[in-house]
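Protein chains in written order, with the numbering used here: chain A, 6 to 327; chain B, 80 to 163.
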């Protein structure tokens with residue numbers, strides 16, 4: 006049997022993000038459930054979030070973000086061999102989201118699959134994409150995180166409706182170049198803890214998201230910084246060298262708690278949650294696309310990503326920002 | 080050796096100062112977390128985690144909700160440290 010040969014490493018070529026047009030503020034929510042702008046801001050850091058229109062689908066948002074990332078990469082659809090859509094809120098289980106999204110982007114006959122690791126989905130998908138490029142099973146990969154959490158939220162439940170939101174983010178992953186052969190995606194540090202499967206779940210297709218907030222907060226603020234440090238160690242990057250830290254945008258209090266324990270004084274810490282809410286698998290690429298668009302992270306600088314959520318699943322890796 | 084009540088109170092004061100930014104001299108036994116010190120449920124989790132590191136006493140979420148005052152936490156830590 007023959008094996009394929011791949012390049013020395015993979016890198017991120019570009020990011021793209023998409024948010025639905027409709028802005029929902031904390032005051033909007035306070036009009037329908039018993040809460041206040043101050044309460045939401047102090048507990049979550051969220052000021053506003055975007056909510057998709059009734060007919061706007063996960064696939065629509067995935068196409069929008071994926072199209073932007075593809076355009077930014079300078080590649081043509083024919084260069085993409087694999088499309089991975091990380092989502093836990095697809096409209097349909099059959100067919101998957103990735104194949105129709107690829108077709109709508111003009112990508113002909115790529116490998117296409119959905120990946121569900123909830124809010125860790127993008128980091129899982131990025132790891133799979135990097136491995137596919139390195140082993141030569143794909144030349145370039147389009148990775149998308151897309152979610153319409155609003156359709157799984159009970160809008161009368163003030164503990165969840167203030168947090169979750171909609172959006173999509175994407176990245177194009179390709180091989181390193183001869184001019185710059187240093188790998189741009191470090192080894193993933195990932196794992197799961199099925200003992201905590203009952204902390205975030207949707208009971209059945211007629212139910213809404215349930216989250217045991219305090220338990221998740223305790224877990225996230227104590228269990229994740231060792232994973233983040235492990236990703237740095239595997240990549241050979243000291244936390245003090247990080248130019249940016251982009252954790253899943255779950256809750257600003259969690260983000261700040263992990264950042265405090267990480268010991269990365271130079272790192273710009275993503276706070277996209279303030280205007281995006283928690284968009285699960287979309288939150289990391291959405292934040293990255295905004296931060297790189299604004300020039301907040303220098304090109305070539307190391308950034309640490311860490312996704313975590315239902316399962317519980319988690320994954321972290323260091324990347325070089327395109 | 081068992082910690083004295085004053086040692087626990089002092090240690091707890093340091094934790095609350097660090098987590099919630101409440102000056103240690105304002106942290107007296109009768110103060111309630113929510114009404115007097117303006118500490119919310121997420122900060123209480125952070126205090127519980129830090130207390131575990133400092134005192135070696137685990138305070139689970141279901142116990143945490145019953146600890147209303149600084150003295151309640153001091154008593155909880157003393158009780159658990161004795162029975163441990």
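Glycine residues also receive a C-beta, built at the ideal position from the N, C-alpha and C atoms.
Check	Outcome
9 Å Cβ cut-off: residues of chain A touching residue 120 of chain B	48, 218, 219 and 222
Alpha helix (DSSP H) runs wholly inside the segment 86-144 of chain A, at least 4 long, in chain order	103-109 and 126-139
Residue 292 of chain A, buried or exposed, once every other Cβ within 10 Å from all chains shown has been counted against 16	buried
Three or more C-beta pairs below 8 Å linking the segment 176-183 of chain A and the segment 6-18 of chain A	yes
Cβ contact (3+ pairs, closer than 8 Å) linking the segment 259-266 of chain A and the segment 32-42 of chain A	no
Same chain, Cβ closer than 8 Å to residue 102 of chain B, neighbours up to 5 away in sequence not counted	96
8 Å CB neighbourhood of residue 84 of chain B in its chain, flanking five on each side removed	153 and 157
Contacts around residue 192 of chain A, its chain only, beta-carbon distance under 6 Å, and the 5 residues preceding and following it disregarded	239
Residue closest to residue 117 of chain B, alpha-carbon to alpha-carbon, out of B:98, B:129 and B:133	B:98
Coil, strand or helix - residue 52 of chain A by DSSP	coil
Start and end residues, beta strand (DSSP E) containing residue 221 of chain A	Run containing residue 221 of chain A: none in the beta strand (DSSP E); it sits in the alpha helix (DSSP H), 218-240.
Short CB-CB distance (under 8 Å) between residue 140 of chain B and chain A	yes
For residue 208 of chain A, three-class secondary structure by DSSP	coil
Cβ shell of residue 265 of chain A (< 6 Å), same chain only, five flanking positions each side left out	none
Three-state secondary structure assigned by DSSP to residue 278 of chain A	helix
Any C-beta of chain B under 8 Å from that of residue 258 of chain A	yes
CB contact below 8 Å: residue 226 of chain A versus chain B	yes
Beta-carbon proximity check, residue 60 of chain A vs residue 145 of chain A, cutoff 8 Å	no
At least 3 beta-carbon pairs within less than 8 Å: the segment 129-137 of chain A vs the segment 100-107 of chain A	no
Cβ of residue 125 of chain B within 8 Å of any chain A Cβ	yes
Secondary structure of residue 134 of chain B, DSSP reduced to three states	helix
Chain A within 8 Å of residue 149 of chain B, Cβ atoms only	no
Residue 69 of chain A - containing alpha helix (DSSP H), residue span	63-78
In DSSP terms, what residue 144 of chain B is bridged to	Beta-bridge pairing links residue 144 of chain B to no other residue.
Contact between the segment 246-254 of chain A and the segment 283-300 of chain A (3+ Cβ pairs under 8 Å)	yes
Three-pair Cβ contact test at 8 Å for the segment 168-175 of chain A versus the segment 19-38 of chain A	yes
When A:147, A:82, A:170 and A:47 are compared against residue 55 of chain A, the one with the closest alpha-carbon	A:170
DSSP state of residue 31 of chain A mapped onto helix, strand, coil	helix
Contact set between residue 262 of chain A and chain B, taken where Cβ atoms lie within less than 8 Å	125
Where residue 71 of chain A falls, given that 16 or more other Cβ within 10 Å makes a residue buried	buried
Neighbourhood of residue 139 of chain A by C-beta distance below 6 Å, restricted to the same chain and skipping five residues each side	11 and 15
Residue-chain proximity (residue 156 of chain B, chain A), Cβ-Cβ < 8 Å	no
Anticipated Cβ contact below 8 Å, residue 326 of chain A with residue 306 of chain A, distance rounded	5 Å
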